[in-house]
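Engineer: Chains as they are written, first to last, in the numbering used here: chain A, 798 to 1177; chain B, 798 to 1177. So that we are looking at the same thing, I have put the structure below in structure tokens.
There are 2 protein chains.
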Amino acid sequence: MLSLSTLETPCLVLDRSRLIQNADRMTARFRDSGVKLRPHTKTSKSIDVARIALAGNFGGITVSTLKEAEYFADHGVDDITYAVSVVPEKMPRIAALLKRGVKLGVITDQIGVAQELSRRAVAEAVCVDVLIELDSGERRAGLLAGDGSVVTLGRALHDLPGLRLGGVLTHAGNSYQCRSLADIRQVAEEERLAAVTAAAQLRAAGLPCPVVSVGSTPTATHGLSWQGLTEMRCGVYMFGDVFQSEIGSHGLEDIAVSVLATVIGHRPEMNCALIDAGALALSKDRSTAAPGLPEDIGFGMVMSQDCRRRIGSVRVGHVYQEHGMLTADGPFPFDALPIGSRVRVLPNHVCMTAAMYDAYRVVEASAGPVTDLWPRINGW
Amino acid sequence: MLSLSTLETPCLVLDRSRLIQNADRMTARFRDSGVKLRPHTKTSKSIDVARIALAGNFGGITVSTLKEAEYFADHGVDDITYAVSVVPEKMPRIAALLKRGVKLGVITDQIGVAQELSRRAVAEAVCVDVLIELDSGERRAGLLAGDGSVVTLGRALHDLPGLRLGGVLTHAGNSYQCRSLADIRQVAEEERLAAVTAAAQLRAAGLPCPVVSVGSTPTATHGLSWQGLTEMRCGVYMFGDVFQSEIGSHGLEDIAVSVLATVIGHRPEMNCALIDAGALALSKDRSTAAPGLPEDIGFGMVMSQDCRRRIGSVRVGHVYQEHGMLTADGPFPFDALPIGSRVRVLPNHVCMTAAMYDAYRVVEASAGPVTDLWPRINGW
């Protein structure tokens, strides 16, 4: 049987027991809330992971690409929100999904997009659910709740042929900038208020607003009120990562995904060592370098092979394409990391790290054994 | 026929004419030099690209992973240097390649690795060519030329059963820190001197040193002397990227790989726009943020759809998983970038960006047409 000592390195290890624990915790949080949990699959891009996240929930998911939508539809998921600003050029694939019977929602904040989408939906003889994207403080995409443009766009979506006004949607990505529980709770409340304010605007104008959707892992984890919401979307909570642990979304011991790597060299005169996991194995994400966080872990935090304890203060201080350079505060613990020994590297941002792999090596518990290979998709 | 206006976005576009020009230029540079060009395939990971780089050369390649070695061997390449510190645990795959008739060289700077490699080579009944890795200034891996450890390791590699001392190898990765032609030439000379010094040490000790190998795109492009070398390894020159153009390895107009993306939103009140190419489509590489470079292009430089001119000063200033935020100095040129229009994003570091895709969309010239889909591999 494969074990953590015999797997080829670098590889992506998924701890099934931690995944189940993380998924169950979020599912339990919304069970009696009146809000449906619609897990975001952009982190995992795996039907095996999605099935665990969907257990005890209504069955709908959120995706970030049409390729995810197609993949999950192929595996039987039939209620999907594509939560990235749609462009009409993507209509052939959207129409194909609708014609397969998938209940697919898309989002926009642009009236010109709505008009062109309508024209193409009519040409394809489909009817597309469109949600209005709101900006609740992230300053990326979306209309501002309370602004007249919400009703203008809502009316267009309601009236244009081939479209159906699905509701409103926002994502408090700005929660990633929070550095305290109080701040996260405030952002969660702003996220909720943006959504319910826009929903009230639409309804006051005589328009329908069946879906009032919000979501991010920090706000879903710490928000205090869901009043007026119908739906919560979040994804990274299933796996966790060092960044999320540093902003308080979960503990380090909850992180379910790590990169298994082998020590390939020592440089005692430079007080560092090398592993066979570099920029491609870890990604170049540097989330923990953001201001105000407890520790910048470089490109990853270095744990023992069983992922149960950190090796001193060791981190991946620098990466090359296929080399990771391990550094430490004070003398490097060479004795704990002989050449050929293995480590588990916890990622800064698991969405980026997992995307460097086409499969998860699944362990039942942190120390193994390796029981499954779960494929994942990438690309568009 | 597919065109740049109809391809699904984001996708990776490869300009075949620029690729051929870049490859031919490097091949011509070494044609009468007495030094063999052994192209590095870690950037392209594509047999179609490798065939162009190998035209007019001896046929050997450099790889950064065993998966590359296996892939290129499957496509008929039979002389391969695996230029990342080997660990003995990888012996089964190395032995399998040798047994297929591939002339595979590996590298180490560790006598303990040599000993364990020998034990496993004997058990597998193979003989492995091992080159001594040298550190010519990069401060990553490798022995220092002139140090007694070079001869000690050389003798071990020569004497241990199952191993054959293949020569010496170094990579002047520190050339990436150079900010002037004079600096690059000095690093090229240090790279050469490290290799020839170590080769002379081995020969003076009565040991063979058939291969004296160096390489990096900047030093290969600008070095003035190859005396005593047998081999040059470089790879990024085939594609080029904005970082390499900023350190003077080539012009912006030589960059052969770009990401085709669609404008998906405008935020006039924030003076920015959004494209459907974010962190996964571009990578999070930030090479041009390094000190002393002419311009920090964020996560990519934004060109017209035909890739012939930059759109004002537009760059990808910020990325989210699937969104790229376009920013500019001064007023944002919304008129030049209507929603639905397409741009080509030139990458910071093409090795990282290309690794986010499983294929190249090949255009014959910068404006199209799209003539081929060339697969590439990723992973280990």
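A virtual CB, placed ideally from N, CA and C, is assigned to each residue, including glycine.
Extract the residue ranges of the beta strand (DSSP E) inside the segment 822-906 of chain A, only unbroken runs of 3 or more that lie entirely within it.
Structural biologist: If we require 3 residues or more, the beta strand (DSSP E) runs fully inside the segment 822-906 of chain A come out as 858-860, 876-879 and 900-905.
Engineer: In the segment 1116-1150 of chain A, which residues sit with their C-beta less than 8 Å from some C-beta in chain E, listed in chain order?
Structural biologist: Absent from the structure: chain E. Protein chains present are A and B.
Engineer: When the Cα atoms are used, what is the spatial distance from ARG1072/A to THR803/A?
Structural biologist: Residue 1072/A is actually Ile in this sequence, not Arg. When rounded, the distance between both Cα atoms is 16 Å.
Engineer: Which residues does DSSP list as the beta-bridge partners of CYS808/B?
Structural biologist: DSSP, once it has assigned bridges, lists LEU1057/B as partnering CYS808/B.
Engineer: Taking the C-alpha atoms as reference points, what is the distance between ASP980/B and LEU990/B?
Structural biologist: Their backbone Cα atoms lie some 15 Å apart in a straight line.
Engineer: Are the CB atoms of VAL1060/A and LEU1134/A nearer to each other than 8 Å?
Structural biologist: Their beta carbons are under 8 Å apart, which means VAL1060/A touches LEU1134/A by this criterion.
Engineer: Hey, which unbroken runs of the alpha helix (DSSP H) at 4 residues or more fall wholly within the segment 1135-1162 of chain B?
Structural biologist: With a minimum length of 4 residues, the continuous alpha helix (DSSP H) runs that stay inside the segment 1135-1162 of chain B are 1147-1151.
Engineer: For SER861/A versus GLU805/B, is the C-beta distance shorter than 8 Å?
Structural biologist: For SER861/A and GLU805/B, no; Cβs fall outside 8 Å.
Engineer: Is GLY934/A helix, strand or coil when you go by DSSP?
Structural biologist: In the structure shown, GLY934/A sits in coil (DSSP, three-state: anything other than H, G, I, E or B).
Engineer: Work out the CA separation of ALA938/B and ARG1064/A for me, nearest whole Å.
Structural biologist: C-alpha separation (whole angstroms): 7 Å.
Engineer: What would DSSP say about SER814/A, mapped onto helix, strand or coil?
Structural biologist: Helix, per DSSP.
Engineer: Keeping to the same chain, check which residues put their C-beta closer than 7 Å to that of VAL910/B; ignore five residues upstream and five downstream.
Structural biologist: Once the five neighbours on either side are set aside, the close Cβ partners of VAL910/B are VAL883, VAL884 and PRO885.
Engineer: Counting contacts by CB-CB distance shorter than 8 Å, is TYR973/B in contact with chain A?
Structural biologist: Not one chain A Cβ lies under 8 Å of TYR973/B.
Engineer: Any heavy atom of the ligand GDP within a distance shorter than 7 Å of the CB on ALA953/B?
Structural biologist: With respect to small molecules bound, the structure shown includes none, and the ligand GDP cannot be examined in it.
Engineer: Under 7 Å between beta-carbons, which chain A residues line up against PRO807/B? List them in chain order, please.
Structural biologist: The answer, in chain order, is TRP1177.
Engineer: May I ask which residues mark the beginning and end of the beta strand (DSSP E) holding HIS1115/A?
Structural biologist: 1107-1116 is the span of the beta strand (DSSP E), which, as asked, contains HIS1115/A.
Engineer: Is the Cβ of ALA938/A closer than 8 Å to any Cβ of chain B?
Structural biologist: ALA938/A counts as touching chain B.
Engineer: List, in order along the chain, the chain B residues whose C-beta lies closer than 7 Å to that of ILE904/A?
Structural biologist: The contacting residues do not exist; ILE904/A stays about 10 Å from chain B at best.
Engineer: Could you say which of GLY1045/B, ASN1068/B and ALA1074/B lies nearest to LEU1090/B if we only look at CA atoms?
Structural biologist: LEU1090/B has its Cα closest to that of GLY1045/B, out of GLY1045/B, ASN1068/B and ALA1074/B.
Engineer: What are the residues that DSSP puts in a beta bridge with MET1029/A?
Structural biologist: Bridge partners of MET1029/A: LEU834/A and VAL1011/A.
Engineer: From VAL1033/B to THR824/B, what does the alpha carbon distance come to, in whole angstroms?
Structural biologist: Cα to Cα, VAL1033/B sits roughly 14 Å from THR824/B.
Engineer: Looking only at C-alpha atoms, which of LEU978/A, LEU931/A, ALA1070/A and GLY945/A sits nearest to GLY1012/A?
Structural biologist: Of LEU978/A, LEU931/A, ALA1070/A and GLY945/A, the residue nearest in Cα terms is LEU931/A.
Engineer: In its own chain, which residues sit with a C-beta less than 8 Å from the C-beta of SER1010/B, not counting the 5 before and 5 after it?
Structural biologist: Hits under 8 Å: ARG835, THR878, LEU928, GLY964, VAL965, LEU966, THR967, ALA992, LEU1026, THR1027, GLU1028, MET1029 and ARG1030.
Engineer: Mind listing the chain B neighbours of LEU1077/A? Cutoff is C-beta to C-beta under 7 Å, in chain order.
Structural biologist: The contacting residues are ALA1152.
Engineer: Just the chain B side, please: which residues come within less than 8 Å of MET1067/A by C-beta, in chain order?
Structural biologist: Simply ARG936.
Engineer: When you compare only the Cα positions, how much space is there between MET1035/B and LEU863/A?
Structural biologist: So the two alpha carbons sit approximately 32 Å from each other.
Engineer: Determine whether the beta carbon atoms of PRO1005/B and LEU962/B lie at a separation below 8 Å.
Structural biologist: Closer than 8 Å, so yes.
Engineer: Would ASP1155/B pass as an interface residue toward chain A - the criterion being a Cβ-Cβ separation below 8 Å?
Structural biologist: Interface residue, yes.
Engineer: Can the beta-carbon of ASP875/A be found closer than 8 Å to that of GLY902/A?
Structural biologist: Cβ distance not < 8 Å, so ASP875/A and GLY902/A don't count as in contact.
Engineer: Would you list, in sequence order, the uninterrupted alpha helix (DSSP H) runs of no fewer than 4 residues that lie entirely inside the segment 947-1025 of chain A?
Structural biologist: 978-1001 and 1014-1019, all fully within the segment 947-1025 of chain A.
Engineer: Given a threshold of 16 other Cβ atoms within 10 Å of its Cβ, counted over all protein chains shown, does LYS896/A qualify as buried or as exposed?
Structural biologist: LYS896/A should be labelled exposed.
Engineer: Using a threshold of 8 Å, state whether the C-beta atoms of ALA847/A and PHE827/A are closer than that.
Structural biologist: For ALA847/A and PHE827/A, no; Cβs fall outside 8 Å.
Engineer: Within the 8 Å Cβ cut-off, does LEU1057/B reach chain A?
Structural biologist: No, LEU1057/B lies away from the interface with chain A (no Cβ there is under 8 Å from its Cβ).
Engineer: Less than 6 Å between C-beta atoms, sequence neighbours within five positions excluded: which residues of the same chain meet that for LEU954/B?
Structural biologist: These residues qualify, in order along the chain: ALA911, VAL927, LEU960 and LEU962.
Engineer: Hey, could you find the ends of the beta strand (DSSP E) ILE1072/B is sitting in?
Structural biologist: Residues 1069-1072.
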